[in-house]
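Read through the structure below, which is laid out as C-alpha cells, and then see the notes.
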Amino acid sequence: MTDRDQAVPVGGWHAVIAAMRSGRRVFELWLLQDRDDARAREAGELAADLGVACRQMTRAELDARLPGINHQGCVALCAPLAALGEAGLDDILSVVASPLLLVLDGVQDPHNLGACLRSAAAAGADAVITPRDRAAGLSTVVRKTAAGGADCVPLVQVTNLARTLRNLQAAGVWVVGTAAEAPRSIHETPLTGPLALVLGGEGGGLRRLTARTCDHLAAIPMAGGVASLNVSVAAGICLFEALRQRGASGTV
C-alpha cells in the first residue's frame, strides 16, 4: 500500500492552508470551480510552490469527497494527521487571526472525542485541544466516529491544560468554560473574536483549576427532564452558538 492509498481528504480554507504550510504531505488540491478570490489564489499559489497538483471541481464533487463536512469549497488530499503538540498550536495561532478552538478537559471515551471532532469540523473550528494524559487520543474508533472530522480539525495534545489556557489568554484568546451553575447562559455570552470553548469530561465536568483559569463560565439552558448533556452534544451547542454570533452562513 502506497502513502497515497492511505491519504485522507481535508476540507476548509484554514485546515488546508495550515496543512500545506506545516509540511504535512499533500497529494492534491481540489478547489470549487470558477472561484477566483484571495483565498482561492492563496491556496492555489501555495500548492504551486509545493508542486501539488490543483484541480477544479463542482460543489457536488467536493461534497461527495467530504460528506457532512463544511469544506468551504477547498479540499486537499493529505497524509493522515497525527496529533499535534504545543508547537503545533502555536503554528495554528500564527496563521489564524480569530481562531475558534474547542478545549476538552479530560474526555476519555473515544466515541465522545470522535463526535466532538466531527462537530468541530462542521462548525469550522481551527483545533481541538485535550490533555495528553487521562484523555482519549487519535485512534481508529475516534477517526471512524468523527466521519472525516479528525482529518479536518487538528487534535492538539498538551502536557498542562491550565498552562495552555493561560498561554491562549496571553495571545488574546477569550477562554469560556461551561458549567451548570454559571450565572449567564451560553446564548448571553459574547463568543465573537478569538475564542476557546472549554468543556469538561464525562461525569465530572470541568476540573477546579480549569474552571478557575477560564475568563468566564457559561451554562447551557436546560428545560428539564435531564440534568446534563453528553459532552459531544454540549460541544455542538456551544460551537454553533459561537458560529451564529460570528454571523457565519456555512457557505463561505
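Each residue of the sequence shown is one higher than the one before, starting from 3 at the first, in our numbering.
Yeah, the Cβ is synthetic: ideal placement off N, Cα and C, and Gly gets one too.
In this text the structure is predicted, and so the values were computed from the model without any measurement.
With DSSP run on the structure shown, which of helix, strand or coil describes residue i?
| i | result |
| --- | --- |
| residue 251 | The pLDDT assigned to residue 251 is 43, lower than 50, so where the model puts this residue is not dependable; a value taken from the coordinates is nonetheless given after this. Reduced to three states, the DSSP call for residue 251 is coil. |
| residue 141 | coil |
| residue 224 | coil |
| residue 35 | coil |
| residue 136 | coil |
| residue 238 | helix |
| residue 74 | coil |
| residue 68 | coil |
| residue 187 | strand |
Where do the N-terminal and C-terminal ends of the beta strand (DSSP E) with residue i fall, by residue?
| i | result |
| --- | --- |
| residue 154 | It is not in any beta strand (DSSP E) - residue 154 carries neither H nor E in the DSSP assignment. |
| residue 12 | 10-13 |
Could you check if residue i is buried or exposed, using at least 16 other CB atoms within 10 Å of its CB as the buried criterion?
| i | result |
| --- | --- |
| residue 183 | exposed |
| residue 22 | buried |
| residue 253 | Annotation note: pLDDT 35 at residue 253 (below 50); position unreliable, coordinate value reported separately. Residue 253 should be labelled exposed. |
| residue 153 | buried |
| residue 218 | exposed |
| residue 55 | exposed |
| residue 206 | exposed |
| residue 220 | buried |
| residue 302 | Residue 302 is absent from the model: the chain starts at 3 and stops at 254. |
| residue 251 | The pLDDT assigned to residue 251 is 43, lower than 50, so where the model puts this residue is not dependable; a value taken from the coordinates is nonetheless given after this. By the 10 Å Cβ count, residue 251 comes out exposed. |
| residue 13 | buried |
Looking at the unbroken alpha helix (DSSP H) that takes in residue i, where does it start and where does it end?
| i | result |
| --- | --- |
| residue 118 | 112-124 |
| residue 175 | Premise fails: residue 175 is in no alpha helix (DSSP H) and is neither H nor E. |
| residue 92 | 88-97 |
Using 8 Å for Cβ pairs, my map puts residue i next to residue j. What's the rounded Cβ distance?
| i | j | result |
| --- | --- | --- |
| residue 244 | residue 208 | That pair is no contact at about 18 Å. |
| residue 157 | residue 79 | Not confirmed; about 19 Å, so no contact. |
| residue 178 | residue 199 | 6 Å |
| residue 134 | residue 160 | 6 Å |
| residue 64 | residue 28 | Contact flag wrong, Cβ pair sits at about 16 Å. |
| residue 176 | residue 203 | About 22 Å separates the two Cβ atoms, so there is no contact after all. |
The segment 112-121 / the segment 236-246 touching (three or more Cβ pairs under 8 Å): yes
The segment 31-49 in contact with the segment 98-106 per 3-pair CB rule at 8 Å: no
Say whether the segment 58-76 touches the segment 92-100, bearing in mind that this needs 3 or more beta-carbon pairs closer than 8 Å, one atom from each stretch. no
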